[in-house]
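Structure first, then comments.
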Amino acid sequence: MKNFLGHLHTVNRHRRLVRQGCFRMGLYWQGLTHDLSKYSRVEFSTGVRYYQGTRSPNTAEREEKGWSEAWMHHKGRNRHHWEYWTDLDMKTKAYAPVPMPQKYLAEMVADRIAACKTYQGPAYTDASALSYFERSNEARLMHPDTIRELRFLLTMLKDRGEDETFRFMKRRLKSKTPFCEKEAAVAGQSV
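Residue 1 is where the sequence shown starts when you use this note's numbering, and the numbers rise one by one after that.
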């Protein structure tokens, strides 16, 4: 029962934090529907079984089984994960990453902030999401445009804070302009 309530609280808190971030960017539907698959049987039962409260239960499942059934289910249903954005390259006949649409990239930023806040608690800083991203190996598998924009936004979060970063993303989403231009990002300039 302790694991059930702990996991339910973690999922609800995470979703609330993402919802707040999405609402700040004008992504109301995405905020309301974010991570609803976490309540599905496969994801929720894994969450309860492997609940620890300090990290994703999918990591513990992966350590025990060598893979995570819950994660496989989750990433295939949630467009705010870069792993969702792979497709068959017609030239190479191999699966390859494709650029994430802007609104899902924005939701991914809110998701990463919420995950860091949820698992780090009082140790969270505006640098946490960038630090996690830089420590991971995921960038080698993402589309270069997704990496560039994600790194740009997470660096802005670290340097300028959450309020300014969310305001910036809302403006760019509304005007349908890229979060960063290739030339500006390469030169290290802000946009």
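Glycine included, each C-beta is placed from N, C-alpha and C at the ideal position.
Near Ala106, what residues of its chain come up, given a Cβ to Cβ distance below 7 Å and the 5 sequence neighbours on each side ignored?
Translated into the one-based positions of the sequence shown, residue 106 becomes position 106. Result list for Ala106: Met25, Leu27, Met169 and Leu173, in chain order.
If you drop the 5 nearest sequence neighbours on each side, which residues of the same chain put their C-beta closer than 7 Å to that of Ser136?
Numbered from 1 along the sequence shown, position 136 holds the residue referred to as residue 136. Within the same chain, Ser136 has no close Cβ partners at all.
Whether Arg77 touches Ser68 by CB criterion (8 Å)
One-based indexing of the sequence shown puts residue 77 at position 77. One-based indexing of the sequence shown puts residue 68 at position 68. For the 8 Å CB-CB criterion, Arg77 and Ser68 do not form a contact.
Assess contact between the region 148-158 and the region 13-22, defined as three or more Cβ pairs (one per stretch) separated by less than 8 Å. Is contact present?
Under the 8 Å Cβ criterion, the region 148-158 does not count as touching the region 13-22, having fewer than three qualifying pairs.
How is Thr165 classed by DSSP in three states: helix, strand or coil?
By 1-based counting over the sequence shown, the position of residue 165 is 165. Under the three-state reduction of DSSP, Thr165 is assigned to helix.
Reference Asp163, options Ile113, Arg140 and Leu32, closest by Cα:
Walking along the sequence shown from the start, residue 163 turns up at place 163. Of the candidates Ile113, Arg140 and Leu32, the one whose C-alpha sits nearest the C-alpha of Asp163 is Ile113.
Cα separation between Pro57 and Ile147?
Here residue 57 refers to the residue found at position 57 when the sequence shown is read from its first residue. Here residue 147 refers to the residue found at position 147 when the sequence shown is read from its first residue. The alpha-carbon atoms of Pro57 and Ile147 are separated by roughly 25 Å.
Between the alpha carbons of Ala123 and Gly53, how many angstroms are there, rounded?
If you number the sequence shown from 1, residue 123 lands on position 123. If you number the sequence shown from 1, residue 53 lands on position 53. Distance between the alpha carbons of Ala123 and Gly53 is about 14 Å.
Which of helix, strand or coil does DSSP assign to Asp87?
Taking the first residue of the sequence shown as position 1, residue 87 is located at position 87. It is a strand residue.
Give me, in chain order, the residues of the same chain whose beta-carbon lies closer than 8 Å to that of Lys176; leave out the 5 immediate sequence neighbours on both sides.
Residue numbering aside, residue 176 sits at position 176 when the sequence shown is read from its first letter. The residues are Gln102.
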